[in-house]
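**Student:**
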Amino acid sequence: MDTTTLAAFLAVDLLLVVTPGADWAYAISAGLRDRSVVPAVAGLLTGHAAYALVAVAGLAVIVASSPAALTALTVAGAGYLLWLGWGLLRQPAAAPEAGAGDGTDASPLRVLLKGAGTSGLNPKALLLYFSLFPQFLDPVTGWPVAAQTGLLSTVHLTVCAVVYLAVAVLARTVLGSRPSAARAVTRVSGAMMIAIGALLLVERLAV
Numbered sequence: 044m045d046t047t048t049l050a051a052f053l054a055v056d057l058l059l060v061v062t063p064g065a066d067w068a069y070a071i072s073a074g075l076r077d078r079s080v081v082p083a084v085a086g087l088l089t090g091h092a093a094y095a096l097v098a099v100a101g102l103a104v105i106v107a108s109s110p111a112a113l114t115a116l117t118v119a120g121a122g123y124l125l126w127l128g129w130g131l132l133r134q135p136a137a138a139p140e141a142g143a144g145d146g147t148d149a150s151p152l153r154v155l156l157k158g159a160g161t162s163g164l165n166p167k168a169l170l171l172y173f174s175l176f177p178q179f180l181d182p183v184t185g186w187p188v189a190a191q192t193g194l195l196s197t198v199h200l201t202v203c204a205v206v207y208l209a210v211a212v213l214a215r216t217v218l219g220s221r222p223s224a225a226r227a228v229t230r231v232s233g234a235m236m237i238a239i240g241a242l243l244l245v246e247r248l249a250v
């Protein structure tokens with residue numbers, strides 16, 4: 044795979060990752076609520092890594108060609124986003140009081156698993172691997188398709204790690220001393236999750 048193709052993929056992938064969505068909302072919530080943003084970001088990356096393994100194994104093509112499988116995954120992801128969004132609206136994350144130091148009561152493992160569910164059930168991540176990756180794969184370059192997919196997946200996971208860490212840290216830094224703004228941003232994130240989930244359900248069930 045030549046550097047020009049890799050650079051083009053990086054540019055397109057970065058544009059997609061920096062577009063706010065469910066992953067962003069979860070990263071912002073973690074930045075405001077948790078003592079460490081690492082478990083949340085690690086969870087988001089776990090979901091993307093799972094899709095990367097599926098793509099490398101070549102199963103993505105099989106799932107993408109199955110309307111029933113894609114519909115089931117989309118509905119599950121939409122339902123999960125609705126549930127997460129409603130939770131954020133009911134209990135918006137507020138920045139910890141100075142000196143409190145404890146953040147949320149949720150364990151790092153629970154935060155990680157919720158992050159994995161957020162990205163792992165997010166149809167945006169699924170469609171990224173199914174629709175974007177094939178455009179940058181060239182079976183005649185001498186590289187095995189699995190190796191090319193693995194390289195693109197590594198680039199994507201690196202971009203996700205940098206962007207999501209930046210979002211979570213900036214949320215804590217910028218909104219940490221503004222409790223009312225933090226609650227407002229979290230409510231907007233929750234509403235955005237619900238809107239995305241509802242649109243996914245309507246779009247998929249209307250097909």
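Under our numbering, read the sequence shown as residues 44 to 250, first letter to last. Just so you know, even glycine gets a beta-carbon here, dropped at the ideal spot from N, CA and C. Remember, predicted model here, so these are calculated numbers, not experimental data.
Less than 8 Å between the beta carbons of G74 and V80, yes or no?
**Tutor:** Contact: yes.
**Student:** Relative to the C-alpha of A189, which candidate in V217, L96, A121 has its C-alpha closest?
**Tutor:** Out of V217, L96, A121, L96 has the C-alpha closest to the C-alpha of A189.
**Student:** Which whole-angstrom value describes the C-beta separation of G158 and A85, a residue pair presumed to lie in contact below a C-beta threshold of 8 Å?
**Tutor:** Between A85 and G158 the Cβ distance is about 7 Å, and since that is below 8 Å, they are a contact.
**Student:** Would you kindly work out how many angstroms separate the C-alpha atoms of G185 and A98, rounded to a whole number?
**Tutor:** Approximately 19 Å, taken between the alpha carbons.
**Student:** Under 8 Å between the Cβ atoms of D56 and L87?
**Tutor:** Their beta carbons are not under 8 Å apart, which means D56 does not touch L87 by this criterion.
**Student:** Quick check: L244 and A70, are their CB atoms within less than 8 Å of each other?
**Tutor:** Against a cut-off of 8 Å, the Cβ pair of A70 and L244 comes out as no contact.
**Student:** Would you mind sorting S196 into buried or exposed? The rule is 16 or more other CB atoms within 10 Å of its CB.
**Tutor:** Under this definition S196 is a buried residue.
**Student:** Between the C-alpha atoms of R76 and D45, what's the straight-line distance to the nearest angstrom?
**Tutor:** One C-alpha to the other measures close to 42 Å.
**Student:** Looking only at C-alpha atoms, which of Y172, Y207, V202, A115 sits nearest to Q191?
**Tutor:** It is Y172 whose Cα lies nearest to the Cα of Q191.
**Student:** Between L132 and R230, is the Cβ-Cβ spacing less than 8 Å?
**Tutor:** Cβ distance < 8 Å, so L132 and R230 count as in contact.
**Student:** At which residues does the alpha helix (DSSP H) containing A100 begin and terminate?
**Tutor:** No alpha helix (DSSP H) contains A100, which DSSP labels as neither H nor E.
**Student:** Quick check on this structure: which residue in T216, L194, V206, A211 has the alpha carbon closest to the alpha carbon of T48?
**Tutor:** Considering only alpha carbons, the answer is L194.
**Student:** Are G90 and S162 closer than 8 Å when you measure CB to CB?
**Tutor:** Taking 8 Å as the Cβ cut-off, G90 and S162 qualify as a contacting pair.
**Student:** Please report the residue range of the alpha helix (DSSP H) in which P151 lies.
**Tutor:** Note, P151: alpha helix (DSSP H), 151-163.
**Student:** Run the CB neighbour count on A92, radius 10 Å, all protein chains shown included, and call it buried at 16 or more, exposed below.
**Tutor:** Under this definition A92 is a buried residue.
**Student:** Where does P187 sit, in a helix, a strand or coil, going by DSSP?
**Tutor:** Coil, per DSSP.
**Student:** Do Y94 and A168 come within 8 Å of each other at the CB atom, strictly closer than that value?
**Tutor:** Cβ distance < 8 Å, so A168 and Y94 count as in contact.
**Student:** Distance, Cα to Cα, G160 vs F176?
**Tutor:** For G160 and F176, the distance between alpha carbons rounds to 22 Å.
**Student:** Under 8 Å by Cβ, that's how I've got A211 and A83 pegged, so tell me the actual separation to the nearest angstrom.
**Tutor:** Yes, they are in contact, since the Cβ atoms of A211 and A83 sit about 7 Å apart, within 8 Å.
**Student:** R78 to V118, Cα distance in whole Å?
**Tutor:** Their backbone Cα atoms lie some 32 Å apart in a straight line.
**Student:** Identify, in the order they occur along the chain, each residue of the same chain with its Cβ nearer than 8 Å to the Cβ of G130, setting aside the five sequence neighbours on each side.
**Tutor:** Correct list, in chain order: G233.
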